[in-house]
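Undergrad:
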Amino acid sequence: MGEVILTMKGIDKSFPGVHALDHVDFDVRRGEVHALMGENGAGKSTLMKVLTGIYTKDSGTITFEGKEVEFHNPREAQQAGIVIVHQELNMMGHLTVAQNIFIGREPKHGLFINDRAMNTEARKLFAQLNIEIDPKETMSSLTVAKQQMCEIAKAISHDAKVIVFDEPTAALTDAEIDQLFVIIRDLRARGYGIVYISHRMDEIKRITDRVSVMRDGQYIGTLVTEECTKEDIIDMMVGRVIYEEPKTESRCAPDAPVVLKVEHLNAGRMVQDVSFELRRGEILGFAGLVGAGRTETARALFGADPKQSGDIWINGEKVSISSPKEAVEAGLSYLSEDRKRFGIVLKKNITENSTLATLKKYTKGVFIDKSAEEAVTQKYVDALKTKTPGIDQLVMNLSGGNQQKVVIAKWLVNDSQIMIFDEPTRGIDVGAKQEIYELMNQLAASGKSIIMISSELAEILRMSDRIIVMCEGRKTGEFGIAEATQEKIMAAATRDIDMQNRKNRQEGAAV
Amino acid sequence: MKAMLERFKSLRLVRIMGFNRVVLIGVIILLCLIFQVLSGVLNHGNVFLTYARFTSAINYGYFIGFLALGVTFVIATGGIDFSVGPVMFAAALISGYCFNNYHFPMWVSLIMCPLIGMVFGTVGGFFVSYLHLPSFITSLALMQIAKGVGSIFTKTQNVSWPGSTDPGGWYRKLSNLEVTLGNGSKLNIPTGLIILIIVAVICSIVLNKTRAGRYMICLGANREAVRLSGVDTRRWEMLAYVICGTLAGLAAIFYVGCYTTVQPVKGDTFNNEAIAACVMGGTSMAGGLASILGTVIGSFIIAIMQEGILSMGFNIAFQYSLTALILLGAVIADVMSRRRRN
């Protein structure tokens, strides 16, 4: 670890009604990975936005390379050498990789852009990072992980000295995370100062040198990663200890009736011949890497996307589902991984969102029965302990966890018997996560059947009664919770299908 | 200053009407004062603020309100409609021509107006909601179709609806009813205005108290979330266009009630006015936010502007540019307030 390159001291920032940062201290040294941790809303992002000039601080000082600085916009910060690799990547999908990296500063050839020089430069950058990406590839054809690597390359090309990673692994698979860590370690060795924002405890232990923790806009403290335990960090983050114990046995009776049976479901490249059963009161985990086709399976099942073939039985009766409307009528519900886009209407209040799927029930004649609608909304706000000043609060003013509760309420009002939770705790802080887990357990115990899609193995092992693993659009494994292990699931999730076929053929030949 | 603003915002009446609407009424008063001064300066002591001016502003401008009400539904769903003016003219041309040349009874011609509008609205709505065409392009095409159909039907001739003393002229009473009082003095009852208010109240109820309205607004805010909640979004989106077309057709009755003569291949200037009225009133171009009261007030601002420009002795052509400027201003205000909220 080298000398301190960046120091933020006594940073204070208030928004109307919120003291977002309360005299926060933070520093980064050359050649270290410094984790910045805290629950959602703890002020991590705000601190980084102050650093890069997106917000102006109310007070405090920022010292960068020995000089006091104040950036007015991200561009100034970038020019000085501080770059953020955002959680949501800011890429122009239809441009090539090289065009994205050199946007706004393309090498010129007279009046024209010198594509060849640009591609060569990009190739050099990737060589430095030991990444294999073709600069001429269009951005949108790359995986999220590769796109992120392009962002990193872009940061390096800007002569960055401090690189901020904002939840870089949120959308990556485990193999991709390993690859990212190789790059980050390499950057560290070359003397870059790295700020690493993440919720994932195991990553912090793997990659970082120091950990700074924030809670409610305050700086809590800094630990040296090697000298502290996971529990130490969590204690600082939430002031309480959370245990994540995997489930050991199924809570669903083996002879519980099958409520949903799917056979030979096909929908495009991402859903190929998927068959499974779901029992009453069961939580069926769908594990797999990002892009394994789990969300696509759920959407095809729910009628959100067209499917080519496949039979669906609900409670033993064959049903045809070609639109979400028919799915909802059949008792299905789908809680999308992308709540803001597919789950809620941000601009509308809790009541309007809660009855969105069931408005017909709350209509008398042609008019909406306001009091009945509000009564049922209040009932579920209380039951789910949604934190809100009132049911007329706009959903956009709620936190991620509470928005998720509103979506759950929407489907509970509809009394859906089969609920598909797609990444139910994505973007939700630790405390609220716990509540969502308990809620799902209660729902299952009360006889609802749940399909839970999750990319977090810990979550899968903790919640599921049975686990289905998908890889490249196919079902590649099925385990009861008692026999499931991380290793088995990962093996199925990364199974090379061609190899599997070859093996089968060989076995067939041997017999 | 800030405290005063907060206190003003917390007044009961202001809360009920919505702060934006109160500001709009302020705008109306300000406009009147500006016109008062300007028309005095420019036209040698001409006075703007007279009862006659006020009634004239309303009589010649309120039909915009029907168009704007319809457009409010479409904009609430996140769409846009540039066809209402020509659709109104097509309705007036076709039904008027039927009355004049085929001797349809007046009441049939009157009923034809909203029905013709409804046909246009249904066609446009179908293209937008079921075939997923952009509403912008669809409505532009529909505008030209409406112009074409109306003109072809009348062989590109003007259509003059009957005057108030002609046979069938009773329809004018729908716009303005003149009653003779006991003492012989005459009183004008603005029946058209009253009908506009009634229609506005119905629109407000539909938008705020019924399932259709709820779905239209919600799908304007987030179509995919509504669809994934098991709602057939196409159906409700189409309904918005049907309502819009029907109201445009209805507006025809009140347009001819005041102007009598309809020209072919015209009417597109009213599109801007209707959209401007709507956006000024607080209906967001992004969809998901609509105010019927705002639209009505917005329509009156347009009407007063029109009158004000005439009173200053300017050509009516000024009106077009000014309306466009107002539309731009309203959209800027809309975009800025959205940005602030985020």
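Chains as they are written, first to last, in the numbering used here: chain A, 1310 to 1820; chain B, 20 to 361. By construction, the Cβ of each residue, glycine as well, lies at the ideal position given by its N, Cα and C atoms. Note that the coordinates shown come from a computational prediction; the quantities given were computed from them, not determined experimentally.
1. Using alpha carbons as the reference points, say which of B:Gly-115, B:Ile-113, B:Leu-86 and B:Ala-110 lies closest to Phe-367 of chain B.
2. Can you list, in chain order, the residues of its chain with a C-beta nearer than 7 Å to that of Val-1820 of chain A? Leave out the 5 residues immediately preceding and following it.
3. Mind pulling the chain B residues with CB within less than 7 Å of Thr-1672 of chain A?
4. Do Thr-1734 of chain A and Glu-1768 of chain A have their beta-carbon atoms positioned less than 8 Å apart in this structure?
5. Output, in chain order, the set of chain B residues within a Cβ distance shorter than 9 Å of Ile-1653 of chain A.
6. Just checking Pro-1698 of chain A against the ligand NAP - is the residue's beta carbon closer than 7 Å to any of the ligand's heavy atoms?
7. Report all residues from its chain with a CB closer than 6 Å to the CB of Gly-1602 of chain A; omit the five preceding and five following residues, and keep chain order.
8. Does the distance from the CB of Cys-237 of chain B to the CB of Thr-91 of chain B come in under 8 Å?
9. Using beta carbons (cut-off 8 Å, strictly below), is Cys-277 of chain B in contact with chain A?
10. Below 7 Å CB to CB, which residues in the same chain sit around Gly-1390 of chain A once its five sequence neighbours on both sides are set aside?
11. Report the CB separation of Met-107 of chain B from Phe-289 of chain B in whole angstroms; it is logged as a contact under 8 Å.
12. Taking all protein chains shown into account, do 16 or more other C-beta atoms lie within 10 angstroms of the C-beta of Val-1533 of chain A, making it buried, or fewer, making it exposed?
13. Report buried or exposed for Glu-1792 of chain A, applying the criterion of at least 16 other Cβ atoms within 10 angstroms of its Cβ.
14. Does the segment 1448–1461 of chain A come close enough to the segment 1404–1411 of chain A that 3 or more CB-CB pairs lie under 8 Å?
15. How should Asn-1706 of chain A be labelled, buried or exposed, when 16 other C-beta atoms within 10 angstroms of its C-beta is the threshold for buried?
16. Is the CB of Ser-1559 of chain A under 8 Å away from at least one CB in chain B?
17. Does Arg-359 of chain B pass the burial test, meaning 16 or more other C-beta atoms within 10 Å, or should it be called exposed?
18. Write down every uninterrupted run of the beta strand (DSSP E) in the segment 1525–1607 of chain A whose length is 3 residues or greater and which is fully enclosed by it, in chain order.
19. Starting from Gly-59 of chain B, follow the alpha helix (DSSP H) in both directions and report where the run begins and ends.
20. For my contact list, Ala-1344 of chain A and Thr-1361 of chain A are in at a C-beta cut-off of 8 Å; report their separation, rounded to the angstrom.
21. Just curious, the alpha helix (DSSP H) that Ile-28 of chain B is in, first and last residue?
22. Check whether the segment 1739–1747 of chain A and the segment 1564–1576 of chain A touch, using three or more Cβ-Cβ pairs below 8 Å as the test.
23. Three or more C-beta pairs closer than 8 Å, one from the segment 108–125 of chain B and one from the segment 176–187 of chain B: is that the case here?
24. Round the Cβ separation of Arg-1338 of chain A and Gly-1502 of chain A to the nearest angstrom and send it over; I've been treating them as touching at under 8 Å.
25. Quick one: what's got a C-beta closer than 6 Å to Asn-1723 of chain A's C-beta in the same chain, skipping five residues either side?
26. Please list the segments of the alpha helix (DSSP H) lying wholly inside the segment 1636–1712 of chain A, counting only runs of 4 or more residues, in order along the chain.
27. Determine the extent of the beta strand (DSSP E) in which Ile-208 of chain B is found, giving its start and end residues.
28. Do you know how far the Cα of Gly-80 of chain B is from the Cα of Leu-323 of chain B?
29. Say whether chain A places a C-beta atom closer than 8 Å to the C-beta of Gly-84 of chain B.
30. Please report whether the beta-carbon of Asp-287 of chain B lies at a distance below 8 Å from any beta-carbon of chain A.
31. Assuming contact is defined by CB atoms lying nearer than 8 Å, are Cys-168 of chain B and Ala-109 of chain B in contact in what I supplied?
32. Output, in sequence order along the chain, the residues in the segment 248–265 of chain B whose CB is closer than 8 Å to any CB in chain D.
33. Which residues in chain B sit within 8 Å of Leu-1665 of chain A, going by Cβ to Cβ distance?
34. By the criterion of Cβ-Cβ separation under 7 Å, what are the contact partners of Phe-1676 of chain A in chain B?
35. So within the segment 1464–1504 of chain A, which uninterrupted beta strand (DSSP E) runs reach at least 3 residues, ignoring any that extend past its ends?
36. Given that Val-1637 of chain A touches chain B, what residues does it touch there, using C-beta distances under 8 Å?
TA: Well, looking at it:
1. The requested residue 367 of chain B does not occur in the structure, where chain B is confined to residues 20 to 361.
2. Residue placement at Val-1820 of chain A is poorly supported in this model, since its pLDDT is 46, which falls under 50; the coordinates still yield a value, given next. Excluding positions up to five away in sequence, the list is empty.
3. Arg-230
4. yes
5. Asn-241 and Ala-244
6. Annotation note on the ligand NAP: not contained in the displayed structure, which lists no ligands.
7. Met-1579, Val-1580, Met-1779 and Gly-1782
8. no
9. no
10. Taking C-beta separations shorter than 7 Å and ignoring five residues to either side along the sequence, the partners of Gly-1390 of chain A in its chain run Asp-1468, Ala-1469, Lys-1470 and Val-1471, following chain order.
11. 7 Å
12. exposed
13. exposed
14. Touching, yes.
15. Classification for Asn-1706 of chain A: exposed.
16. With a threshold of 8 Å between beta carbons, Ser-1559 of chain A makes no contact with chain B.
17. exposed
18. 1527–1533, 1567–1576, 1580–1588 and 1592–1597
19. 38–61
20. Actually they do not touch by this definition, with Cβ atoms about 18 Å apart.
21. The sequence shown places Lys at residue 28 of chain B, not Ile. That run of the alpha helix (DSSP H) goes 21–28.
22. Judged by pairs of C-beta atoms under 8 Å, the segment 1739–1747 of chain A does not touch the segment 1564–1576 of chain A, as fewer than three such pairs exist.
23. yes
24. Cβ-Cβ separation between Arg-1338 of chain A and Gly-1502 of chain A: approximately 6 Å, consistent with a contact (criterion under 8 Å).
25. Ala-1666 and Thr-1667
26. 1659–1663 and 1679–1692
27. 205–208
28. The question names Leu, but residue 323 of chain B in the sequence shown is Ile. Between the C-alpha atoms of Ile-323 of chain B and Gly-80 of chain B there is a straight-line separation of about 8 Å.
29. no
30. Output row for Asp-287 of chain B: interface = no.
31. Here residue 168 of chain B is Val; the residue named in the question, Cys, does not match the sequence. Going by C-beta atoms, Val-168 of chain B is nearer than 8 Å to Ala-109 of chain B.
32. Absence of chain D from the displayed structure is noted, the protein chains being A and B.
33. Cys-237, Ala-244, Val-245, Ser-248 and Val-250
34. Lys-228 and Thr-229
35. 1471–1475
36. Ser-248 and Gly-249
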